[in-house]
């Protein structure tokens with residue numbers, strides 16, 4: 139289901155691992171992030187989601203894209219390129235979620251103006267820190283501020 143224009147604050151999560159989706163939900167809930175979470179499970183679905191947003195001005199752009207870089211069908215770099223090319227949603231904040239420490243992946247994230255590169259940790263406590271990152275970005279976006287780097 140796509141958000142309506144009245145859904146002014148929601149997060150789009152592009153993640154293929156159901157366990158990581160649940161960890162993101164827990165992190166957001168633990169840090170009291172008041173946003174609807176919309177989930178797509180592969181890069182193709184993320185790109186189709188963005189295409190529908192561009193095609194219908196009544197649909198709200200996400201406040202934030204949480205993006206796994208290594209998605210099936212289309213990778214995260216392709217999704218970021220598509221997002222940045224969007225006339226309506228091109229300024230959407232991006233946080234990369236990945237298990238990769240590859241310099242190339244970090245460069246892709248930087249090139250596409252991702253605000254944070256979050257390496258998926260092994261412990262729940264460390265994963266919960268994602269909630270703090272998201273909260274700062276989403277609430278700063280609500281205030282019209284930019285420029286958070288992590």
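Numbering (our numbering), first residue to last: 139 to 288. Beta carbons are placed, not taken as given, at the ideal position from N, Cα and C, and that holds for glycine. Keep in mind it's a predicted model, so treat the numbers as computed, not measured.
Would you identify the three-state DSSP class for residue i, choosing helix, strand or coil?
| i | result |
| --- | --- |
| residue 270 | helix |
| residue 147 | coil |
| residue 154 | coil |
| residue 178 | strand |
| residue 169 | coil |
When we look at the beta-carbon of residue i and count the other beta-carbons within 10 Å, is it buried (16 or more) or exposed?
| i | result |
| --- | --- |
| residue 174 | exposed |
| residue 170 | exposed |
| residue 194 | exposed |
| residue 223 | exposed |
| residue 184 | buried |
| residue 285 | Low confidence applies here, because residue 285 scores a pLDDT of 41, under 50, leaving its location unreliable and the question unanswered by this model. |
| residue 262 | exposed |
| residue 165 | buried |
Can you list, in chain order, the residues of its chain with a C-beta nearer than 6 Å to that of residue i? Leave out the 5 residues immediately preceding and following it.
| i | result |
| --- | --- |
| residue 259 | 265 |
| residue 273 | 169, 171 |
| residue 227 | 191, 199 |
| residue 150 | 176, 200, 203 |
| residue 296 | Because the chain here runs from 139 to 288, residue 296 falls outside it and cannot be looked at. |
Please go through the same chain and pick out, in chain order, the residues whose beta-carbon is closer than 8 Å to the beta-carbon of residue i, but skip the five residues on each side of it.
| i | result |
| --- | --- |
| residue 168 | 266, 269 |
| residue 239 | 257 |
| residue 221 | 188, 203, 227, 228, 230, 232, 250 |
| residue 181 | 152, 209, 210, 211, 212, 213, 214, 216, 217 |
Do residue i and residue j have their C-beta atoms within less than 8 Å of each other?
| i | j | result |
| --- | --- | --- |
| residue 154 | residue 200 | no |
| residue 217 | residue 235 | no |
| residue 207 | residue 243 | yes |
| residue 276 | residue 147 | yes |
Chain B beta carbons: is any one of them nearer than 8 Å to that of residue i?
| i | result |
| --- | --- |
| residue 247 | No chain B appears in this structure, which consists of one protein chain only. |
Sequence ranges, alpha helix (DSSP H) only - wholly within the stretch 190-255, length at least 4: Within the stretch 190-255, the complete alpha helix (DSSP H) runs of at least 4 residues are 214-223, 241-249.
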